[in-house]
Amino acid sequence: MVDKKLNPMQLYKLLPQTNCKQCGMTCMAFATRLALREVELKDCPPLHENPQYATQLATINELITPLLAAEETGVKLDDTMCTGCGNCVVVCPVDASAEPDTASGKAARSTDTVFRVENGTAKIINLEKCRRFPPDRMNCRVCEQGCYVKAIEIW
Ligand code: SF4
Ligand code: SF4
Ligand code: SF4
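Residue numbers (this note's numbering): 7 to 161.
This is the structure we're talking about:
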């Protein structure tokens, strides 16, 4: 289950810290508002335009994407209820297209799926690939319906 909050200081350390104000504020103010989702990462042009910040940009995206995906899709997995049956991997259409063998019950080998069962418990590893996430925004609930112990909930 993803329930982490973004830490403004952690975000600030990954921003250019030049206070150029192309975003209309200081880097610290931007980090604070980014943590609150009041601005978007694309609103910091230097971070995207200057190759010297490529690693920092990738790191911030790694921090933000799972939280955004949790908010946008509403998909939650309570791993304390999961029995590791693997049904979510099998029924998710994204997983079926990333790994057609999962549709016949075989374990996923790549890390391109939404769900993955590790050590007997399902984990969400790429929720940004879910069909509920933009730009698709489909009203898919197949994983929720396919989890017989109700470990998956979509709100
Ligand atoms: S545009 Fe980016 S680098 Fe410039 S002040 Fe805003 S956050 Fe800092
Ligand atoms: S379908 Fe439910 S119980 Fe089965 S692996 Fe997925 S989350 Fe766990
Ligand atoms: S809502 Fe649909 S696309 Fe998204 S994770 Fe569940 S089954 Fe996959």
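Note that CB positions come from ideal geometry on N, CA and C, so glycine has one too. All values derive from a computational prediction rather than experimental measurement.
Once the 5 residues before and after residue i are set aside, which same chain residues still bring their CB inside 8 Å of it?
{"i": "M87", "result": "V155, K156 and A157"}
{"i": "R241", "result": "Residue coverage of the chain in this structure runs from 7 to 161, which leaves residue 241 outside it and unanswerable."}
{"i": "G111", "result": "G92 and V96"}
{"i": "Q28", "result": "C50, P51 and P52"}
How far does the beta strand (DSSP E) with residue i in it reach, from first residue to last?
{"i": "R43", "result": "Counting along the chain, R43 falls outside any beta strand (DSSP E), and DSSP gives it neither H nor E."}
{"i": "L73", "result": "Not the beta strand (DSSP E): L73 falls in the alpha helix (DSSP H), residues A60 to T79."}
{"i": "K129", "result": "T127 to I130"}
For residue i, which of the options has the nearest alpha-carbon?
{"i": "L17", "options": "C26, R147 and L69", "result": "L69"}
{"i": "D85", "options": "K129, S103 and P99", "result": "K129"}
{"i": "L12", "options": "A102, L42 and V120", "result": "L42"}
{"i": "P51", "options": "G126, N25 and A75", "result": "N25"}
{"i": "P72", "options": "T127, I131 and T38", "result": "I131"}
{"i": "D118", "options": "D101, G126 and A109", "result": "D101"}
{"i": "V148", "options": "C98, T38, G126 and A75", "result": "C98"}
{"i": "P141", "options": "A75, G126, Q151 and A109", "result": "A75"}
{"i": "Q151", "options": "E44, D107 and L83", "result": "L83"}
Roughly how far, in whole angstroms, is the beta-carbon of residue i from the beta-carbon of residue j, given that I think they are within contact range, below 8 Å?
{"i": "C153", "j": "N93", "result": "6 Å"}
{"i": "V120", "j": "G90", "result": "Not quite, the Cβ-Cβ distance comes to about 16 Å (not below 8 Å), so this is no contact."}
{"i": "L133", "j": "I66", "result": "Contact doesn't hold; Cβ gap of about 17 Å is too wide."}
{"i": "P14", "j": "Y59", "result": "Contact flag wrong, Cβ pair sits at about 18 Å."}
Check whether the Cβ of residue i lies closer than 8 Å to any Cβ atom in chain C.
{"i": "L17", "result": "Any reference to chain C falls outside this structure, which holds one protein chain only."}
Spatial neighbours of residue i within its chain, please: C-beta separation below 6 Å, excluding the five flanking residues on both sides.
{"i": "L63", "result": "L53"}
Taking the continuous alpha helix (DSSP H) assigned at residue i, which residues delimit it?
{"i": "K19", "result": "P14 to L20"}
{"i": "P99", "result": "P99 to A104"}
{"i": "P57", "result": "Neither: P57 is in no alpha helix (DSSP H) and is coded neither H nor E."}
### Completely contained alpha helix (DSSP H) runs for the region 112-159, where each covers 4 or more residues
148-152
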